[in-house]
Amino acid sequence: MTQRTLRAVGLSALIGGSVTAALLAGSASAGADAFVRLPGGTAKGEGIQIVRSEESARVSASMAANGVSRTTWVSGQITLYAPNLKPAKAGPSVGAAGETTLPGSNGTATNGAAATLSTGYIIGCQVNIKGLQGGLSGSLTPTAPSLSGTLTVPLAAGDVTFVVLNTKNIEKAGTYHLGYDDAQIDVQNCGGYAQARAFTTIETTGEVHQKVNLYGKPFSIG
């Protein structure tokens, strides 16, 4: 083999290796997680205020590449300012009744405490929830008010589901915090576009009953 031939073979191998590396890099970036930083917000009622900050989402496609499932890890901080609440103890929890039973409830319910603070996400499959103001019809996926484990949400086309991440009973006046960091939500059986939007609800009891909702900015989950 001549020196010119050897040089040509070496150049061919170098080009082939570069193309392979570029293809691998392209595959890695195509399957990379998408990080979404979301704006904070504030909602006020009579003598109460909710503030959401540090909200973000990290969205991943299914490792099975089946097109009907995806995973998102969500984080956020909720602060409740309630300096004028009249004290009231919480009774036994009856759980959430859900939007279908109680339209406009955001899937949350009080149990006699001075106030109940709930936070979670509204998830829709092939549904535009950008203009949501409250009271969507849908079913609440039963979940414990805990950040442990993975919350699995089965969604068919046209479904909208309220997923509660955590709930806190407020029994007296004060300032309260509720946070979640990389809480994992798996969306299954959605064969098309899916979207999510954070919600936080504070509901008071007593003579002045009020329900204040704070919604976040919608974001795509694939």
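In mature numbering (1 follows the signal peptide of the UniProt record, and there is no 0), the protein residues as written are -21 to -1, 1 to 201. C-beta atoms are modelled at their ideal positions from N, C-alpha and C, and glycine is treated no differently. Note that this is a predicted model, so its numbers are computed, not measured.
Could you have a look at residue 34 and say whether DSSP puts it in helix, strand or coil? strand
Any heavy atom of the ligand FMN inside 7 angstroms of the beta-carbon of residue 26? The ligand FMN is absent from the structure shown, which contains no ligands of any kind.
Could you give the first and the last residue of the continuous beta strand (DSSP E) run that contains residue 97? 94 to 104
Residue 14 classed as buried or exposed, judged by whether at least 16 other C-beta atoms fall within 10 angstroms: exposed
Is residue 190 near residue 66, with beta carbons less than 8 angstroms apart? no
Nearest to residue 27 by alpha carbon, out of 180, 167, 198, 200? 180
Opening and closing residue of the beta strand (DSSP E) in which residue 153 lies: 153 to 167
Endpoints, beta strand (DSSP E) assigned at residue 184: It is not in any beta strand (DSSP E) - residue 184 carries neither H nor E in the DSSP assignment.
Which of helix, strand or coil does DSSP assign to residue 60? strand
Among 183, 200, 199, 197, which residue has its Cα nearest to the Cα of residue 97? 183
Straight-line Cα distance separating residue 198 from residue 171: 15 angstroms
Could you tell me the alpha carbon to alpha carbon distance between residue 53 and residue 141, rounded to whole angstroms? 15 angstroms
Segment limits, beta strand (DSSP E) that includes residue 20: 20 to 23
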